[in-house]
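Residue numbers (the numbering used here): 356 to 1050. Note that beta-carbon positions come from the ideal geometry of N, C-alpha and C, so glycine has one too. First the structure, in the form of structure tokens, and then the observations on it.
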């Protein structure tokens, strides 16, 4: 048997050598013709083959340079065997042999069916006996097993959407978005002129009906970009379990693609619907993952973006989940690129060289056309594992793309972190949400808007403004502070005779996520009294406005402390946090026992503890802070640190001010499967109470 195996091995080597010699002769002939100024005409057969491949946008010439399976180079002398099929297309031998083992007898480029199939030699004599029909590395009349099929370089060959979704009926369960518009005080003295009067403007998404079937919610196209580098070896089993949890909780209209990266990146599973065999094949692909090599985050993201950009059909929601435990080791020293980084909340125009490696769909400034960037914007939700991941890069990628950054301190909580993210993505009820704010009285001007990372714009000398909110999860709330200038009241104004002044009118428009219809909510007006003398009621502070001011002040203080920690000035960072904590506790909303203020106090305490020493800050403080700033900037829940809940209370459930019921439900489901606690985090209650102002 050993003799038979040596003969088989020799035959394989001769076969590969023959194809290499043929390639050299063709290359030499082509070069000679070009040197003599002679251009040969293609044969009719080659013209026919080329025409048939036009629909796949992939030329024969490009297929000779790149393996259509792994997208790696096909240059000779790089230590990899090259296989030439009967249709004259070239692939790495290992890539195409694995593809065939997964059941694909079709050429990935021209789609012609092969008669001679490549295979990888058996590893034992028993394997060889079981494959006795094999001759010279090829199988004849071979019947493929029902296993996942590795797709080709043609990323656009995704599974089509169902007819149910292509022409959806208007949703019968959709409800309009609720608007809130509240002034800080109900009245301003008629004789007073106020330069910065805060008005709270917010939106609340309708609830998600849990009994509604999958096709009545907006389906998603999700790409999981997974780090399978050598450092992931001890975490791979938990990663597989977490990704399988995602797959098992998607609906039949949702589609998933899987991209892995180490030193290079590969798309190991095409964009397929999660029904029947689609789910089974996706799980099989995940369970077959192995680790090894370096970390090339940029290349993994490029592959993931390409899957979504080259779709023929699109689900209403599209997103990328990026998972890594290390630094990008293939694209320069990223540590040195962040020495002067400033947090995006206070300086959105910062410069990071590394980000220029990313596609324009993620980093919009990497394109000349801003409109094109907005049209192709793909949110990337990033997850950093452990203390060695690049928190600066993960935060910057998510922040620029409109996603969130979660810091997973212990990998045991990975599945719960995924569950929280998926719970939101699978409950999108509104898209393209936009708030339009209009001044209603002469002299009332919009001066500034505090909207975090949501884009706002002020027009017509402060008479009109917009806030682009984007998508909303079910039951999700977003609140913004709009500062207006109010002139002294004039007797000439019609409303002044009634001691009232209309400040603003707020309108919300959005696209329904299931029917794609444009919906406008009922307009809300902000009206205050303009009396000559203030009554005790006129001096009552709106707790919701005060609460929002506290949230923004705490986020700004943490961002300032983080910049100081980056410079190594930890004592100054601690002083900023301590001062802000004192200010918070003295506010009227905190004095009234507001839940959000309690949550903010815990956040300040935890942040200070993680900035106690430079070593502790480098180990976990930076990632914890950046994850928190990501949450505040987008007013969306992230996972922070070692706990399933974001900030656990003493002997009680944690409080997470941005979690929605859908997120909580999915996290509880994850914990039940893991055998862990199924307690739900406490939701922050919000009220519209008034408290006397302090003079």
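| Item | Value |
| --- | --- |
| Where the beta strand (DSSP E) through residue 439 begins and ends | 437-439 |
| Rounded straight-line distance, which links the Cα of residue 949 to that of residue 515 | 49 Å |
| Bounding residues of the beta strand (DSSP E) (the contiguous stretch that carries residue 810) | Element bounds for residue 810: n/a, residue is neither H nor E. |
| Nearest to residue 633 (by Cα), restricted to the options 942, 650, 610 and 647 | 610 |
| CB of residue 649 within 7 Å of CB of residue 618, strictly | yes |
| Beta-carbon proximity of residue 660 to residue 574, cut-off 7 Å | no |
| Beta-carbon proximity of residue 594 to residue 629, cut-off 7 Å | no |
| Spatially closest choice to residue 808 from 884, 750, 652 and 940, by CA coordinates | 750 |
| Distance between residue 900 and residue 944 (C-alpha atoms, nearest Å) | 9 Å |
| Reference residue 739, options 840, 781, 955 and 683, closest by Cα | 683 |
| Expected contact under 8 Å - CB spacing of residue 759 and residue 736 to nearest Å | 5 Å |
| Contacts around residue 438, its chain only, beta-carbon distance under 6 Å, and the 5 residues preceding and following it disregarded | 446, 448, 451 and 473 |
| Pairwise C-alpha distance: residue 1019 and residue 666 | 32 Å |
| Three-state class that DSSP yields for residue 912 in the structure shown | helix |
| Boundaries of the beta strand (DSSP E) in which residue 840 is found, first to last residue | 832-841 |
| Residue 667 - DSSP class collapsed to helix/strand/coil | coil |
| With 16 other Cβ atoms within 10 Å as the buried cut-off, status of residue 580 | buried |
| Neighbourhood of residue 814 by C-beta distance below 7 Å, restricted to the same chain and skipping five residues each side | 820 |
| C-beta contact flag for residue 903 and residue 959 at 7 Å | no |
| First and last residue of the uninterrupted alpha helix (DSSP H) at residue 778 | 769-780 |
| Buried or exposed by the 16-neighbour rule on C-beta atoms within 10 Å, applied to residue 654 | buried |
| Bridge-paired residues (DSSP) for residue 761 | 738 |
| Cβ distance (whole Å) where residue 560 is taken to contact residue 831 below 8 Å | 5 Å |
| Residue 1026 burial status per 10 Å Cβ neighbour count (16 or more: buried) | buried |
| Three-state secondary structure assigned by DSSP to residue 854 | coil |
| Residues of its chain near residue 467, where Cβ-Cβ distance is below 6 Å and the 5 sequence neighbours each way are ignored | 442 |
| Proximity of residue 798 and residue 838 at Cβ, strictly below 7 Å | no |
| Closer than 6 Å: residue 577 CB and nearest the ligand PLP heavy atom | Ligands displayed in this structure: none; no statement on the ligand PLP is therefore possible. |
| Classification of residue 891 by the beta-carbon crowding that lies within 10 angstroms, buried from 16 upward | exposed |
| Cβ neighbours of residue 435 in the same chain (closer than 6 Å, five flanking residues each side left out) | 447 |
| Range of the contiguous beta strand (DSSP E) that encloses residue 578 | 575-582 |
| Helix, strand or coil at residue 389 [DSSP, three-state] | At residue 389 the pLDDT is 40, less than 50, meaning the model places this residue with poor confidence; the figure from the coordinates comes in the next sentence. Three-state result, residue 389: helix. |
| The region 758-774 / the region 975-994 touching (three or more Cβ pairs under 8 Å) | yes |
| C-alpha distance - residue 625 paired with residue 652, whole-angstrom precision | 19 Å |
| Residue 636 classed as buried or exposed, judged by whether at least 16 other C-beta atoms fall within 10 angstroms | buried |
| Simplified DSSP state of residue 995, which is helix, strand or coil | coil |
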